[in-house]
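Peer 1: Please find one structure pasted underneath; my questions will follow.
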Amino acid sequence: MESFNLFLKSIAPISDQEFENYSPYFKIRTLARNSYFAQIGKISHEVAFIKKGSLRTYYINEKSEEVTSCFCSENNLTTSYKSFISQRPSELSIQAVEDTELITISYNDLQILYQKVLFGRISEGQLPSGSTW
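Just so you know, we're using my numbering here: the sequence shown kicks off at 23 and counts up by one.
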């Protein structure tokens, strides 16, 4: 999980101790080639860090054709963002191009972490300057 730890540190201040404390919320998930991480019409309940492998994201256009909108590679995050945030059915699919290893967190566990991190930082006086409560 070292690559994931480094990725998180590149986007948010997180100590090694925090990473260790919060790592039980993250799960390793493997996808075989052509398996789906997200599917059109289903709610996206997870966001994933791509540890190994690659995924393609596509949607179905008005002519009922698959249109690939992006390829996601190692050391990046992926999800059907709109579906994940709204917890409504996805308008796109995310499919493994090759055998892929992901580090995932569920929507519910992410909400728990948001609360733990936010309230932990409030109690330690670590909110960014200009933040108000």
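Here a beta-carbon is modelled for each residue, glycine too, at the ideal position from N, C-alpha and C.
Since this is a predicted model, take the numbers as computed values, not measurements.
By DSSP, does P46 sit in helix, in strand, or in coil?
Peer 2: The residue given as residue 46 occupies position 24 in the sequence shown. Residue state, collapsed to three classes: helix.
Peer 1: Which of the three DSSP states is assigned to V69 in this structure?
Peer 2: For the purposes of this step, residue 69 is identified with residue 47 of the sequence shown, where counting begins at 1. Here V69 sits in strand by DSSP.
Peer 1: By Cβ distance below 8 Å, which residues in the same chain neighbour S76 in space, the five residues on each side in sequence not counted?
Peer 2: Translated into the one-based positions of the sequence shown, residue 76 becomes position 54. Closer than 8 Å at Cβ, skipping near neighbours: F93, C94, S95, E96, A118, V119, E120 and T122.
Peer 1: Where does the unbroken alpha helix (DSSP H) through I33 begin, and where does it stop?
Peer 2: As a working mapping, residue 33 is identified with position 11 in the sequence shown. E24 to I33 is the extent of the alpha helix (DSSP H) around I33.
Peer 1: Between T126, Q137 and L99, which has its C-alpha nearest N68's C-alpha?
Peer 2: Here residue 68 corresponds to residue number 46 of the sequence shown, with the count starting at 1. According to the sequence provided, residue 68 is Glu. The question's Asn does not apply to it. When each option's Cα is compared against that of E68, the closest is T126.
Peer 1: Suppose you measure from the CA of S128 to the CA of T90; what does that come to, to the nearest Å?
Peer 2: For this step, residue 128 is matched to residue 106 along the sequence shown. For this step, residue 90 is matched to residue 68 along the sequence shown. So the two alpha carbons sit approximately 25 Å from each other.
Peer 1: Once DSSP output is grouped into helix, strand and coil, what is the label at E40?
Peer 2: Residue 40 sits at position 18 when you count from the first residue of the sequence shown. It is helical.
Peer 1: Quick one, which of F26, S32, T79 and F41 has its alpha-carbon nearest K138's?
Peer 2: Stepping through the sequence shown from its first residue, residue 138 is reached at position 116. When each option's Cα is compared against that of K138, the closest is F41.
Peer 1: So, is L124 buried or exposed, given that buried needs 16 or more other C-beta atoms within 10 angstroms?
Peer 2: Along the sequence shown, read from residue 1 onward, the residue named residue 124 stands at position 102. It counts as buried.
Peer 1: In this structure, does DSSP put L53 in helix, strand or coil?
Peer 2: Indexing the sequence shown from 1 puts residue 53 at position 31. Here L53 sits in strand by DSSP.
Peer 1: Leaving out five residues on either side along the sequence, give the residues of the same chain with a beta carbon under 7 Å from the beta carbon of N43.
Peer 2: Taking the first residue of the sequence shown as 1, we reach residue 43 at position 21. Cβ neighbours of N43 beyond the five flanking positions: none.
Peer 1: I need the straight-line Cα distance from S151 to S112, nearest angstrom please.
Peer 2: Reading the sequence shown from its first residue, position 129 is the one you call residue 151. Reading the sequence shown from its first residue, position 90 is the one you call residue 112. At S151, the pLDDT of 43 sits below 50, so the modelled position is not reliable and the matter cannot be decided from this model.
Peer 1: Kindly examine the ligand MN and report whether one of its heavy atoms sits closer than 7 Å to the Cβ of F93.
Peer 2: The ligand content of the structure shown is nil, which means the ligand MN is not present either.
Peer 1: Can you give the Cα-Cα distance for I62 and E88, rounded to whole angstroms?
Peer 2: Position 40 of the sequence shown, counted from the start, is the residue given in the question as residue 62. Position 66 of the sequence shown, counted from the start, is the residue given in the question as residue 88. The alpha-carbon atoms of I62 and E88 are separated by roughly 11 Å.
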